[in-house]
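Position in the sequence shown counted from 1, then plus 866, gives you our numbering.
Just so you know, even glycine gets a beta-carbon here, dropped at the ideal spot from N, CA and C.
Written below as structure tokens is the structure these notes are about.
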Amino acid sequence: MPGKLSKAAREALDAVTGKRARIVIEHILKHGSITTDDLKEKYGYDHPPRAIKDVSDQGIPLVKAMVRKDDGKRMAEYRFGDLKNSTAGRIGGRANFAKAFKEALVAEYGFRCCLCNAALEPRYLQIDHRIPYAVAGDGVTATLDVKDYMLVCGSCNRAKSWSCEHCPNGLVGKDPKVCAACYWANPLKYTHVATQDIRRLDLVWTGEEVPDYDAAKAKAGPEDQAMPRFVKDAVRRALRGPTPDLPDLRG
């Protein structure tokens, strides 16, 4: 059980209203901690980290530990961190986006994921902050600006979330300028990926493009990394011409 809460800590916790976040908070208040098994078995969440992230996104510090279940297997357990470090300005949660705002994003970016460029129906496109919410919240402007957001598919959103959650700037620095120069914020003009000297290209073949992918896959081979190597080799040849160390796969 948590110790006696200060008035400021109680106010910070009470200000969180999201359903999943409230479940996590109330459970920790009652039992002292919550585990991934609690979230799965008691509350039916198939992806417990999402519920945990809902809490941390709203400025409530959590501490993670790995504990063993009765059968010896390990699971994650979460407790409150130092609630004096609750982040003012995040409390209360993310903004709820109106339908009109998503329509404005579609008008700005089209019916495509801003990361992999896959053409999708609007219902499959998710609104995402260019600069992570954990770093900059919903921004400082009084009104939402489409330039601060992007439309992404579910797959790219999960990849971005994982990368941002493990990024040194997201964990410690929290400098919005660093995020703004990242691939995940601006895939058309960036200098790093999560502070690493990396260049990234996410590609999706759809519709009439699928036979091209299948033909390339057949030439590339069955290995896990065959297609990435094949595409990189094709780029090298386009830039430099055939080289002795790269077999010619054309024809």
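Residue burial is scored here from C-beta neighbours: Tyr1015 has at least 16 other C-beta atoms within 10 angstroms and is therefore classed as buried. Of the candidates Ile926, Asp923, Ile891, Ser872, the residue whose Cα lies closest to the Cα of Tyr909 is Ile891. In the three-state reduction of the DSSP assignment, Val882 falls in the coil class.
Taking the Cβ atoms as the reference, Leu971 lies roughly 28 Å from Leu1037, outside the contact range of under 8 Å. Note that the stretch 940 to 955 touches the stretch 910 to 928; at least 3 beta-carbon pairs, one per stretch, sit closer than 8 Å. Going by beta carbons, Ser872 and Arg945 fall outside the 9 Å limit. Under the 10 Å beta carbon count, Asp904 is surrounded by 16 or more other beta carbons and is classified as buried. A Cβ-Cβ separation of about 24 Å leaves Ala942 out of contact with Thr883 under the 8 Å criterion. Where Leu1017 is concerned, there is no enclosing alpha helix (DSSP H), although the beta strand (DSSP E) around it starts and stops at 1015 to 1019. DSSP places Ile889 in the helix class (H, G or I) of the three-state scheme.
Ala1002 and Lys1098 have their alpha carbons spaced roughly 35 Å apart.
For the pair Met1093 and Ala1104, the CB atoms are not nearer than the 9 Å cut-off. By the 16-neighbour rule on beta-carbons within 10 angstroms, Leu879 is buried.
In the DSSP secondary-structure assignment, Arg934 is bridged to Arg940. Annotation for Leu971: the continuous alpha helix (DSSP H) segment containing it runs 965 to 975.
Between the alpha carbons of Gly1087 and Pro1077 lies a distance of about 16 Å.
When secondary structure is reduced to three states using DSSP, Asp948 falls in the coil class, being assigned neither helix nor strand. By alpha-carbon distance to Ala1060, the top candidate from Asn1052, Cys1045, Val1070 is Cys1045.
A contact is defined here as three or more CB-CB pairs under 8 Å, and the stretch 1019 to 1029 meets this definition with respect to the stretch 976 to 991. Taking 9 Å as the cut-off, the beta carbon of Leu1010 is found no closer than this to the beta carbon of Phe977.
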